[in-house]
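Trainee: First, the structure itself, so that you have it in front of you.
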Amino acid sequence: MKLPVIPYPQQVRQLDGVYRLPEGGIHVTYRQDDTIAPEGYRLTVGAGILIAHADRAGKLNAERTLRQIVRHCAGREIPCCEIHDAPRCRHRGFMLDCVRHFFTVEEIKRMIDAMAMFKMNVFHWHLTDDQGWRIQIDRYPLLTEVGSKRPYSDFGRDYEPGEYGGVYTKDDVREIVAYCEERCVEVIPEIEFPGHATAILAAYPDLSCDGHPVQVSTRGGVHTNTICVSSEKTMEFVKNVLSEVVELFPGKRIHLGGDEAPKDHWMNCPHCQEYMKAHGLKNALELQCDFTNRVAEFLKQYGKTAIVWSDSIKGHNLSPEVTSQYWVGDIDLTAEHLNKGGRTIMSTCGTFYLDMSYGQTAVSTTYKGFETIPGVLPEREAGILGIETPLWTEFIQNFDRLAFQAFPRAAAAAERAWSPAELTDVEDFKARFKLLSADLAELGVVPAPEKLWDMSKPRRIWDALKYWHHAMTRDDIQKFIAQMKRERKEAEYEREN
Ligand code: ACM
Ligand code: ZN
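In this text, residue positions in the sequence shown follow our numbering: the first is 75, and each later residue adds one.
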C-alpha cells in the first residue's frame, strides 16, 4: 500500500530512513515559495519536517497530508520522503441540498471539515427549491415567513407528518462563510431561477406568468411553477434578491440553478411571447438562456460569475461567461459550450450524485468516473474546472444518513479531482480510506459499511430496485413519464426550429 493519504499526492519520493515522532510533538519548518502552484506544497520528511508553499491553501493542504501520514503510519516512525503536490483540478466540490431536509449550522460545519480533510475546496450550498426557501432576504420577508415552511413532507414513499421548515439567518450564513474561509473553502450559494421556484411563488405569486396562488411543495420531482422570465417585476425581484446574496458571499461565483424548468407557462404567457418576438428568440430554450445571460450580466457588476445546471445550455445561446454544471443529458452540448470558451463542472448523476444508493453508484463507479468529454478542442480542455458531488436530500432525514451517503464516495471523487489521472487502483483507495475513516469517526461522520461499497451485480440490481420502489409512487412515475414526454417535445421543437 502507498502512504495513508487521500487524495494521493502527485509525486512521492521515498527517501532512506525513518523519522521518529518526537515525544513533545512535531516541529514543522515553513517556507514561502512562490514557484509552487496554487494550493500546492512540498513536504519533506527527513531529519526534520519542512513544508514549502506559495499560498495559505497550500500550507493547509500540506498540513492535511502530514496529519494523515502521522496518524496512520504504524508505530511512532514515518518513512522519510519528499512529496511534491498540487491539485489536478481547481474545482473539487461538495453540494448539499438544505431544502428537502434542513441541516444545522453545526452539522454543515462538520460536513465541511470532513470534505476539507480530503482537500475539497468548494461548498455549494443549495438554498432554495420548490419545497422551501432557506435564506433570509430582508427585502422579501415572505420568502422565509411563507416560503420556508411546508405543511408536511411526502417524498416517494417517505411520509413525514407535521410542518417542516428552517431558515439560515444572515448571521448563520456569515458564520458558515467564515468557517469555510478559514479552511480555504469557497462557498457557492445556489439561488434557483427560473424553475424549482414553487416556494418563491407561494410567497409572491405575482412573479409567475399567470399569478395563480401555489403552496410550498411537499413532494419531489419536477414542478411546472416557474417565474415569468420576461416581466420587469420578476427581473427586479431577481436582482434585489441577488444584491443581498452577493453581500453575504465573498466568493466570486453564484449558482443560479436553472435545471428542470418546464416551459409550459412561458409558451402561454403574452409577456413571454412578446419578449421572444421582440428579441428574436426562436424558442423557450433560447428564452431561458437569454434570461440567464441577463442575470449573469447583472452579477458581473459585483465581480461575480454565474453557474447554472447544464439544462440551461440547451438553447445554444448561453453566454460562455456562464459556467455550466453538467449532471445529465446530451454531453455534446457541454462540449459545444466549452468550445465556445465556456467552462464546466462535472457532476454526472450516475457517477457523482451521492444521494444514489450504493447499488446504483458503487464506490468504484465514482472512483473511475472522471473522463474527458468527447469533442472538446484540446485548447479548451482547461475549461473543465473539476468535479462536484451533489447530495440531494429528499430521502436524507438526518446527519447520519448524510454521512452514510457521502462517504466513501466523496473521498473517491476528491481523489479523482486531485490526484494524477494514472492512479486507478480502487482497491488501494479503499485500503487507505479504511485507515482514514477513523479521522472521520472523530468528527461523528460514519461512512457506509464496506459490504455496500462494491456489491455483486445481483445485489446491486436488487438495491437499485429497492431504491426506485422507495423513491417513486405510482403518481411519481406518471409525473416522471410526463416530464420525459415534455423534454422530448422540447427537443423536437428545438430540432424543428
Ligand atoms: C438536478 O439534479 N436537478 C440538478
Ligand atoms: Zn411570462
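Beta carbons: idealized from backbone N, C-alpha and C, even for Gly.
1) Excluding sequence positions up to five away, which residues of its chain have a Cβ less than 8 Å from the Cβ of Gln434?
2) What does a CB cutoff of less than 8 Å around Cys343 pick up in its chain, not counting 5 residues either side in sequence?
3) Any Cβ of chain B within less than 7 Å of the Cβ of Arg141?
4) Name the one or two DSSP bridge partners that Cys155 has.
5) Reducing DSSP to helix, strand and coil, say where Pro263 ends up.
6) Can you tell me whether Gln210 is buried or exposed? The criterion is at least 16 other CB atoms within 10 Å of its CB, across all chains shown.
7) If you follow the beta strand (DSSP E) that Asp499 is in, where does it begin and where does it stop?
8) Identify the continuous beta strand (DSSP E) that holds Cys199 and give its terminal residues.
9) I need the DSSP call for Gly460, collapsed to helix, strand or coil.
10) Run the Cβ filter for me: residues under 7 Å from any heavy atom of the ligand ZN, listed in the order they occur in the chain.
11) Span of the alpha helix (DSSP H) holding Met350?
12) Please report the Cβ distance between Gly240 and Arg208, rounded to the nearest whole angstrom; I am assuming they are in contact, meaning their Cβ atoms lie under 8 Å.
13) Between Arg184 and Leu517, how many whole angstroms is the CB-CB distance? I'm expecting something under 8 Å.
14) With 16 other CB atoms within 10 Å as the buried threshold, where does Ala477 fall?
15) Give the secondary structure of Gly167 by DSSP, where H, G and I count as helix, E and B as strand, and everything else as coil.
16) Where does Gly132 sit, in a helix, a strand or coil, going by DSSP?
17) DSSP state of Tyr427, grouped into three classes?
18) So Thr397 is in the beta strand (DSSP E); what residue range does that whole segment cover?
19) If contact is defined by three or more beta carbon pairs under 8 Å, each pair taking one atom from either stretch, is the stretch 260-274 in contact with the stretch 290-299?
20) If you draw a straight line from the C-alpha of Lys244 to the C-alpha of Val315, how long is it?
21) Is it true that the CB of Gly206 sits closer than 7 Å to the CB of Val247?
22) Okay, do the stretch 483-496 and the stretch 434-450 touch, 3+ Cβ pairs below 8 Å being the bar?
23) DSSP has Gly240 in a bridge; who is on the other side?
24) Would you mind giving the Cβ-Cβ distance between Ser291 and Asp204, rounded to the nearest angstrom? I have them listed as a contact below 8 Å.
25) Glu266: beta carbon under 6 Å from a heavy atom of the ligand ACM?
26) Can you say whether Glu321 is buried or exposed, counting buried as having 16 or more other CB atoms within 10 angstroms of its CB?
27) Exposed or buried, which one is Gly558 when buried takes at least 16 other CB atoms within 10 Å?
28) Excluding the 5 residues preceding and the 5 following Ala131 in the sequence, name in chain order all residues of the same chain whose CB lies nearer than 6 Å to its CB.
29) I'd like to check one pair, Leu355 with Asp364: are the Cβ atoms closer than 7 Å?
30) If you measure from the CB of Glu334, is any heavy atom of the ligand ACM nearer than 6 Å?
31) Please go through the same chain and pick out, in chain order, the residues whose beta-carbon is closer than 7 Å to the beta-carbon of Ala136, but skip the five residues on each side of it.
32) Report the residue from Thr366, Thr308, Val319 and Gly332 whose alpha carbon sits nearest the alpha carbon of His345.
33) Evaluate Ile337 with the Cβ neighbour count: other Cβ atoms within 10 Å of its Cβ, from every protein chain shown; 16 or more gives buried, anything less gives exposed.
34) The beta strand (DSSP E) spanning Val79 covers which residue range?
35) Assign Tyr253 to one of three DSSP states: helix, strand, or coil.
36) Alpha carbon to alpha carbon, how far is Ser227 from Asp129?
Mentor: Checking against the coordinates, here is how it stands:
1) By one-based count along the sequence shown, residue 434 stands at place 360. The beta carbon of Gln434 sits closer than 8 Å to those of Gly424, Arg534, Asp537, Ala538 and Tyr541, all from its chain and outside the five residues before and after it, given in chain order.
2) The residue given as residue 343 occupies position 269 in the sequence shown. Within the same chain, Cys283, Asp284, Cys302 and Ser304 come within 8 Å of Cys343 by CB-CB distance, once the 5 residues on both sides are set aside.
3) Among the chains of the structure shown, chain B does not appear; only one protein chain is present.
4) One-based indexing of the sequence shown puts residue 155 at position 81. The partner list for Cys155 (beta bridge, DSSP) reads Gln88 and Val119.
5) Here the question's residue 263 lines up with position 189 in the sequence shown. Three-state result, Pro263: strand.
6) In the sequence shown, residue 210 corresponds to position 136, counting from 1. Buried, by the Cβ-count rule.
7) Counting from one through the sequence shown, the residue named residue 499 turns up at place 425. Asp499 -> no beta strand (DSSP E), and no H or E assigned at all.
8) If you number the sequence shown from 1, residue 199 lands on position 125. Residue identity differs from the one stated: residue 199 is Trp in this sequence, not Cys. Start and end: Val196 to His200.
9) Within the sequence shown, numbered from 1, the residue matching residue 460 stands at position 386. In the displayed model, Gly460 falls within a strand according to three-state DSSP.
10) Cys283, Cys302, Val303, Ser304, Ser305, His339, Trp340, Cys343, His345 and Cys346
11) If you number the sequence shown from 1, residue 350 lands on position 276. Judged by DSSP secondary structure, Met350 falls within the alpha helix (DSSP H) whose first and last residues are Pro344 to Ala352.
12) Counted from its first residue, the sequence shown places residue 240 at position 166. Counted from its first residue, the sequence shown places residue 208 at position 134. Confirmed, about 6 Å.
13) What you label residue 184 is simply residue 110 of the sequence shown in a count that begins at 1. What you label residue 517 is simply residue 443 of the sequence shown in a count that begins at 1. Between Leu517 and Arg184 the Cβ distance is about 5 Å, and since that is below 8 Å, they are a contact.
14) Residue numbering aside, residue 477 sits at position 403 when the sequence shown is read from its first letter. Under this definition Ala477 is a buried residue.
15) In the sequence shown, counting from the first residue as 1, residue 167 sits at position 93. In the three-state DSSP reduction, Gly167 falls in the strand class (E or B).
16) Here residue 132 is taken as the residue at index 58 of the sequence shown, counted from 1. Note: Gly132 maps to helix in three-state DSSP.
17) The residue labelled residue 427 in the question sits at position 353 within the sequence shown. Coil at Tyr427, not helix or strand.
18) Locating residue 397 in the sequence shown gives position 323, counting from the first residue. That run of the beta strand (DSSP E) goes Thr397 to Tyr400.
19) yes
20) Numbered from its first residue, the sequence shown carries residue 244 at position 170. Numbered from its first residue, the sequence shown carries residue 315 at position 241. If I take the Cα positions, the gap works out to 13 Å.
21) One-based indexing of the sequence shown puts residue 247 at position 173. One-based indexing of the sequence shown puts residue 206 at position 132. Taking the C-beta atoms as reference points, Gly206 is found no nearer than 7 Å to Val247.
22) yes
23) Translated into the one-based positions of the sequence shown, residue 240 becomes position 166. Partner(s): none; Gly240 has no beta bridge.
24) The residue you call residue 291 lines up with position 217 of the sequence shown. The residue you call residue 204 lines up with position 130 of the sequence shown. Between Asp204 and Ser291 the Cβ distance is about 4 Å, and since that is below 8 Å, they are a contact.
25) To locate residue 266, count along the sequence shown from 1; it is residue 192. It does not: the Cβ of Glu266 is nowhere closer than 6 Å to a heavy atom of the ligand ACM.
26) The residue given as residue 321 occupies position 247 in the sequence shown. It counts as exposed.
27) Reading the sequence shown from its first residue, position 484 is the one you call residue 558. Residue identity check: residue 558 is Met in the sequence provided, not Gly. Counting Cβ neighbours within 10 Å, Met558 comes out exposed, since fewer than 16 surround it.
28) As a first step, residue 131 must be located in the sequence shown, where it is residue number 57. Glu113 and Cys258, listed in sequence order.
29) As a working mapping, residue 364 is identified with position 290 in the sequence shown. As a working mapping, residue 355 is identified with position 281 in the sequence shown. Yes, they are a contact pair.
30) Within the sequence shown, the letter at position 260 stands for residue 334. Yes - the ligand ACM has a heavy atom lying nearer than 6 Å to the Cβ of Glu334.
31) Here residue 136 is taken as the residue at index 62 of the sequence shown, counted from 1. Taken in chain order, the residues that qualify are Tyr115, Leu117, Ile125 and His127.
32) Within the sequence shown, the letter at position 271 stands for residue 345. Out of Thr366, Thr308, Val319 and Gly332, the CA that lies nearest to the CA of His345 is found in Thr308.
33) For the purposes of this step, residue 337 is taken as the residue at position 263 of the sequence shown. The sequence shown places Lys at residue 337, rather than the Ile named in the question. Looking at its Cβ environment, which holds 16 or more other Cβ atoms inside 10 Å, Lys337 is buried.
34) Within the sequence shown, numbered from 1, the residue matching residue 79 stands at position 5. Premise fails: Val79 is in no beta strand (DSSP E) and is neither H nor E.
35) Position 179 of the sequence shown, counted from the start, is the residue given in the question as residue 253. Residue state, collapsed to three classes: helix.
36) Position 153 of the sequence shown, counted from the first residue, corresponds to residue 227. Position 55 of the sequence shown, counted from the first residue, corresponds to residue 129. Spanning the two alpha carbons is a distance of roughly 45 Å.
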